[in-house]
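Enquirer: So for the sequence shown, the numbering used here puts the first residue at 5; every next one is plus one.
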Amino acid sequence: MWKLPATTIAAAVRSGQVSALEVVNAHLARIAEVNPQVNAVTQLLADRARAEAEAIDRHRAAGEPLGPLAGVPFTVKESTRIEGVPTTFGTPRFSGRTAPADAIPVARLRAAGAIPIGHSNMPTLILAGMHTRSELYGDTRNPWDATRTPGGTSGGDGVAVATGMAALGLGNDSGGSVRIPAAFCGVAALKPTTGRFAADQRMLGPDDPGPASQLLVTDGPLARSVADLRLAYETLAGPDPRDPRAVPAPLYGDPLAGRPKVAVVADPGGHGVHPTVRRAIETAAEALRDAGYEVHEVPDVPRLDEAFDAYHRLTNTEFAPNWPVVRQLLGEGGDRYIEFTMRSAPPVDSAGLVALMGTWMNIRRSWTEFLDEYPLLLGPVFTEPPVEPRLESRDQAGRDRVATAMRLSLVTTFVGVPAVAVPTGLAADGLPTGVQLVGRPFREDLCLAAAQAVEDRLGVLTPVDPRM
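1. Whole angstroms are fine: how far does the CA of ARG52 sit from the CA of VAL358?
2. Taking the alpha-carbon of LEU172 as reference, which of PHE201, ARG263, ARG340, ALA10 has the nearest alpha-carbon?
3. By alpha-carbon positions, which one of PRO225, VAL415, PRO272, THR387 ends up nearest to GLY438?
4. Report yes if the CB atom of LYS81 is closer than 8 Å to the CB atom of GLY160, and no otherwise.
5. According to the neighbour-count rule (16 or more other Cβ atoms, all chains shown, within 10 Å of its Cβ), is ASN326 buried or exposed?
6. So the candidates are VAL17, ARG447, VAL424, ALA16; which of them puts its Cα closest to the Cα of VAL230?
7. Please report the distance separating the alpha-carbon of LEU450 from that of ASN43.
8. Report the option in ALA111, ILE342, VAL266 whose CA atom is closest to the CA atom of VAL2.
9. Taking only three categories from DSSP, how would you classify ILE121?
10. Alpha carbon to alpha carbon, how far is ARG246 from PRO210? Give it in angstroms, no decimals.
11. I'd like to check one pair, MET410 with ILE121: are the Cβ atoms closer than 8 Å?
12. Assuming the contact rule is C-beta atoms closer than 8 Å, LYS195 and THR222 should be a hit. Round their C-beta distance to whole Å, please.
13. With DSSP run on the structure shown, which of helix, strand or coil describes LEU194?
14. Enumerate, from N- to C-terminal direction, the unbroken beta strand (DSSP E) stretches of 3 or more residues contained entirely within the region 57 to 104.
15. Determine the DSSP secondary structure at THR437, reduced to helix, strand or coil.
16. Where LEU73 and ALA288 are concerned, what is the direct C-alpha to C-alpha distance, given to the nearest angstrom?
17. Exposed or buried, what is GLY67 when buried is set at 16 or more other beta-carbons lying within 10 Å of its beta-carbon?
18. Verify whether the separation of the beta carbon atoms of LEU220 and GLY273 is less than 8 Å.
19. Indicate whether ARG444 and LEU375 have their beta-carbon atoms separated by less than 8 Å.
20. Express the C-alpha separation of VAL45 and ASN39 in angstroms, rounding to a whole number.
21. To the nearest angstrom, report how far apart THR319 and SER217 are at their CA atoms.
22. Taking Cβ positions only, does ALA236 come closer than 8 Å to chain C?
23. Name, in chain order, the residues that DSSP records as bridge partners for ASP223.
24. Can GLU3 and VAL266 be called in contact, C-beta distance under 8 Å?
25. For the region 238 to 257 against the region 23 to 41, are there 3 or more C-beta pairs whose distance is under 8 Å?
26. So what does DSSP say about GLY356, is it helix, strand or coil?
27. Since VAL251 sits in a beta bridge, which residues does DSSP pair it with?
28. As a quick exercise: from SER348, GLY362, ASP177, GLY434, pick the residue whose alpha carbon is nearest that of LEU465.
29. Who are the near neighbours of ALA50 in its chain, counting only those whose CB is closer than 7 Å to its CB and skipping five residues on each side?
30. Note the first and the last residue of the continuous alpha helix (DSSP H) segment covering THR1.
31. Looking only at DSSP bridge pairs, what is ARG137 linked to?
32. Quick check on the burial criterion: 16 or more other C-beta atoms within 10 angstroms. Buried or exposed for THR473?
33. Bridge partners for HIS275 per DSSP, in chain order?
34. Please go through the region 305 to 334 and give each complete beta strand (DSSP E) segment of 3 or more residues, from N-terminal end onward.
35. Report all residues from its chain with a CB closer than 7 Å to the CB of PRO239; omit the five preceding and five following residues, and keep chain order.
36. I need the boundaries of the alpha helix (DSSP H) containing VAL424, first residue and last residue.
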């Protein structure tokens, strides 16, 4: 049963074809088999998961209706609260910080019948780099090739979903953090529009963070199929009084007039793209043409270099006041990635911050105008194949190489638009390839439909047995 999609699991549990307890036990057995090899699941919630599954089975036996995700096991990133479980952020300093309540997205998935089966690994404090390695739990390994990173920062969820330890993963994305693990591990992921999913961004205390953390960080699901991603999207979307950012926008917009237009940019900013990644984009573009999309190669996306620089200066300006304290929580070498990033894009003063906020709005306007002409953009998640673990923390050149490769993911986060990462097959070296489909604000439905068209023609890659 651990091989089944979330949609199939939920339908089987609702019909009584299988019990939720059987589903949970199958996934727990899979975790016992493969997690020692990949180290993706951190805090296993076996007893709690079984108890929740038994409760679902009792409700079904009593004739009560079950939710759309009934019995579906999911993992939760170590930065996201599960009631009664420590939210460690991957650092020993927080290993005793037991969550008093579920985070909003966890509560929504549970209300739909999904079952949290464990926390998942991430870089320490989400700041130690793109590779998933925490001071508390160590390295997570890519199941396709242990010499390659699984990506991050939601790498534990990407690996858990790819190997069948969970049907869904709940990560978050502030510049590619669900899309990069999806591309590197051969699964799908959704980064929603800013304001689509409600969440509480007060992660480390009672105070709300600054503008970068408020507007760049979004929760996002990972799944093995686009249909599962769509089901998670429908569950997670919607406002909540605890999140004034969340918008009650319709889940599905009006149909587009005529054939949907897709802009294709294989090398955003003209900084280079690996031939394997370019082939993946060409393959996805051909799949979309076959599905009836009007595909256009365009010179570039709007103002990529300017947006890339503004993203880093804004985030570094927000980090700077607390950096001397925060860096002490990151463990040996955990501060190197941010240190290198601050050298490349130093924090600005108050006048500079005011100017950055204006630049931010101006760049977003350029993107909405671009997406008004092209409702969808097809491009790379990462312009290289999966790189070696911790490349971004090795030296300044490694950091700059990784940041440049993830530039489209960073910039689409900066402008707040939705994106779906979807696999496109396997490269000659046996590693998965993938692309992202970016859409207009609050038109996740267009991204998901295009990703479904790609998946229908190119197939699903996972679950996979670890290749150590």
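Where is the CB? At the ideal position from N, CA and C, for every residue including glycine.
Since this is a predicted model, take the numbers as computed values, not measurements.
Expert: According to the structure data:
1. Straight across, the Cα-Cα distance linking VAL358 with ARG52 is about 48 Å.
2. Distances from the alpha-carbon of LEU172 to those of PHE201, ARG263, ARG340, ALA10 put ALA10 closest.
3. It is THR387 whose Cα lies nearest to the Cα of GLY438.
4. In this structure, GLY160 lies closer than 8 Å to LYS81 by Cβ.
5. It is exposed - the Cβ of ASN326 has fewer than 16 other Cβ atoms within 10 Å.
6. Comparing Cα-Cα distances from VAL230 to each of VAL17, ARG447, VAL424, ALA16, the minimum goes to VAL424.
7. When only Cα atoms are considered, LEU450 and ASN43 end up about 35 Å apart.
8. The structure shown does not extend to residue 2, since the chain is modelled only from 5 to 472, so the question has no answer here.
9. ILE121 falls in the strand class under three-state DSSP.
10. The C-alpha of ARG246 is placed about 13 Å away from the C-alpha of PRO210.
11. The answer is no: Cβ separation not under 8 Å.
12. Confirmed, about 6 Å.
13. Secondary structure at LEU194: strand, using DSSP grouped into helix, strand and coil.
14. Counting only unbroken stretches of 3 or more residues, the beta strand (DSSP E) elements lying wholly within the region 57 to 104 are 77 to 81, in sequence order.
15. Strand at THR437.
16. Rounded to whole angstroms, the gap between the alpha carbons of LEU73 and ALA288 is 29 Å.
17. Per the 10 Å Cβ criterion, exposed.
18. Against a cut-off of 8 Å, the Cβ pair of GLY273 and LEU220 comes out as no contact.
19. Yes, they are a contact pair.
20. Using only the alpha carbons, I get a separation of about 7 Å.
21. Note on geometry: alpha-carbon atoms of THR319 and SER217 lie some 8 Å from one another.
22. The structure shown contains no chain C, having only a single protein chain.
23. Answer is ASN176, bridged to ASP223.
24. Any answer about residue 3 is impossible in this case: the structure gives the chain only from 5 up to 472.
25. The region 23 to 41 and the region 238 to 257 do not touch, with fewer than three beta-carbon pairs separated by less than 8 Å.
26. It is helical.
27. Residue pairing by DSSP leaves VAL251 without any beta bridge partner.
28. That would be GLY434, whose Cα lies nearest to the Cα of LEU465.
29. Same-chain partners within the cutoff: LEU32.
30. Residue coverage of the chain in this structure runs from 5 to 472, which leaves residue 1 outside it and unanswerable.
31. ARG137 is bridged by DSSP to ASP143.
32. This structure cannot settle anything about residue 473, because the visible part of the chain is limited to 5 through 472.
33. Its beta-bridge partners do not exist; DSSP assigns none.
34. Within the region 305 to 334, there are no complete beta strand (DSSP E) runs of at least 3 residues.
35. Per the sequence presented here, residue 239 reads as Thr, with Pro not at that position. In the same chain as THR239, and ignoring 5 residues on each side of it, the C-beta atoms closer than 7 Å to its own belong to PRO72, LEU73, ARG112, LEU113, ALA116, in chain order.
36. Segment 423 to 430 is the beta strand (DSSP E) holding VAL424; no alpha helix (DSSP H) there.
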